[in-house]
Each structure stands twice: as C-alpha cells, then as structure tokens.
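One structure below.
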Amino acid sequence: NAGVTQTPKFQVLKTGQSMTLQCAQDMNHNSMYWYRQDPGMGLRLIYYSASEGTTDKGEVPNGYNVSRLNKREFSLRLESAAPSQTSVYFCASTWGAGQETQYFGPGTRLLVL
Amino acid sequence: AQSVAQPEDQVNVAEGNPLTVKCTYSVSGNPYLFWYVQYPNRGLQFLLKYITGDNLVKGSYGFEAEFNKSQTSFHLKKPSALVSDSALYFCAVRGNDMRFGAGTRLTVKP
Numbered sequence: 166n167a168g169v170t171q172t173p174k175f176q177v178l179k180t181g182q183s184m185t186l187q188c189a190q191d192m193n194h195n196s197m198y199w200y201r202q203d204p205g206m207g208l209r210l211i212y213y214s215a216s217e218g219t220t221d222k223g224e225v226p227n228g229y230n231v232s233r234l235n236k237r238e239f240s241l242r243l244e245s246a247a248p249s250q251t252s253v254y255f256c257a258s259t260w261g262a263g264q265e266t267q268y269f270g271p272g273t274r275l276l277v278l
Numbered sequence: 011a012q013s014v015a016q017p018e019d020q021v022n023v024a025e026g027n028p029l030t031v032k033c034t035y036s037v038s039g040n041p042y043l044f045w046y047v048q049y050p051n052r053g054l055q056f057l058l059k060y061i062t063g064d065n066l067v068k069g070s071y072g073f074e075a076e077f078n079k080s081q082t083s084f085h086l087k088k089p090s091a092l093v094s095d096s097a098l099y100f101c102a103v104r105g106n107d108m109r110f111g112a113g114t115r116l117t118v119k120p
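In the order they appear, the protein sequences are chains W and B. For the first sequence, position 57 (counting from the first letter as 1) is numbered 222 according to the numbering used here, and the numbering increases by one without interruption. For the second sequence, position 80 (counting from the first letter as 1) is numbered 90 according to the numbering used here, and the numbering increases by one without interruption.
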C-alpha cells in the first residue's frame, strides 16, 4: 500500500514550457486535491476533484488545468510555465469531500527559470 | 470564505517543557479543524482533528489540541516536548474547501 505517489520528484522548466505532474492513490479514495506550498504562505488549493469525473477550482487555479483520469489518478498540467509557478506541489486524497483526514504525497519541487 | 491564522512563524522550546502552537480560525457554520505536521522534504502528516464533541482532542505522538469556540481558536499542545517534535506545523479549517495556515516552525532544543 503506497498511499499517495507523485512524479516527478523534481523538475526544472524554462518559461513557456509545459509539463504534467502526476498523482496516484491506492486507497480507493473518492476525492483528490492539488496544492502548492510557498514559503510563508502555507498550502493553497489549486484544484480538487470531489469524485471521479468532476473537478473544481480552488483558491489559486489560474495557469493550471487538471484531469481526473480515473479514480486513482489526478494530474496537474502547466500549459505555459511562469517563474511565479516555482513552488512545491502536493497532491492529497480523502475518502469523501467533507471532514475526512487528507493523505498527502511526498511533493514535486518545480523550478521555472 | 474560511481562513486560518497562525500568529507565530517560529516557536522555540526546551526539551521536556510544554509547548503550544497557536491557531485561530474563521468559518461559517460548524468548524472542522485539523493539525498537520511536515518534516523536511516530506508531505504533510495528519496529527489530529476536531469535528464535534469534546473540546480537548487527543492525537498522534502525544499531541492534543483545545477547541475554544468563543475565542475561535484551536491551539496545539504537548505536555513535554521532544527534540524529534521539531518540524513545521500547519493548522487547517474545512469550509467549502480546505484552507491552511502559513505554518509555524517548532524548534525543540536539547
């Protein structure tokens, strides 16, 4: 039982390049989330998927798109990376979309030059 | 929208002393409150949560938190700190979605 896994662990992009961050969970959770973590700002929600087939914007969605590929997988895409998107990205999952505990992946560190 | 404030960027305590990490919140309706811990280069790990019931919530690793509705606070506490408790601690509140505080870095010195 791996929990929540994320790939890649680290990525360097040039401004304007695109990339997709992958997230998968093996806990049969219904809801999945993408956050970014910046110093002094805590975690901010980018997008979430309450259930397979649905996605919703969070606090900071601009510049990102998501796909809930199936129940296990939730990807985050940067179409045209900007230096302001340099951050650590965390994926998380919960069984439901209410007060359940969130389980986090190890994070992807992204540097946009 | 809901929000969380962690007024201290840094808390320093000596090993064996009690520790408190402060959190205040704002949310419409009943608050669902959480504490998470983050060790270097790792994702967040759940410590404890308040949904309803007893105002004193006990969690992992000897941590507890006290919910105070009148003061809209949810402070994290531990009676006797360990050096291994040194980490980044996040308070979070669930409203329409989850909102996290900016984090408090706890350093426990031997």
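Every residue gets a Cβ at the ideal spot worked out from N, C-alpha and C, and that includes glycine. Bear in mind the structure is a predicted one, so any value in this text is a computation, not a measurement.
- Under the Cβ criterion (8 Å, minimum of three pairs), the segment 16 to 33 of chain B does not count as touching the segment 184 to 203 of chain W.
- Between Tyr99 (chain B) and Thr114 (chain B), the CB-CB gap stays under 8 Å.
- Residues of the segment 264 to 275 of chain W whose Cβ lies closer than 8 Å to any Cβ of chain B, in chain order: Gln264, Thr266, Gln267, Tyr268, Phe269, Gly270, Pro271, Gly272.
- Between the alpha carbons of Ala215 (chain W) and Asn230 (chain W) lies a distance of about 16 Å.
- In this structure, the straight-line span from the alpha carbon of Val47 (chain B) to that of Ala91 (chain B) is close to 14 Å.
- Each of B:Ser94, B:Ser96, B:Pro50, B:His85 was checked against the Cα of Gly272 (chain W), and the nearest Cα belongs to B:Pro50.
- Counted as a single uninterrupted DSSP element, the stretch harbouring Glu18 (chain B) is not any beta strand (DSSP E), since DSSP gives it neither H nor E.
- In chain order, Ile211, Tyr212 place their CB closer than 7 Å to the CB of Pro226 (chain W), counting only its own chain and leaving out the 5 sequence neighbours on each side.
- For Gln202 (chain W), the uninterrupted beta strand (DSSP E) segment begins and ends at 196 to 203.
- Contact check for Phe44 (chain B) and Ala112 (chain B): beta-carbon distance about 15 Å, past the 8 Å limit, so the pair fails to qualify.
- For the C-beta of Ala112 (chain B), the chain W residues within less than 8 Å are, from N- to C-terminus, Gly205, Met206, Gly207.
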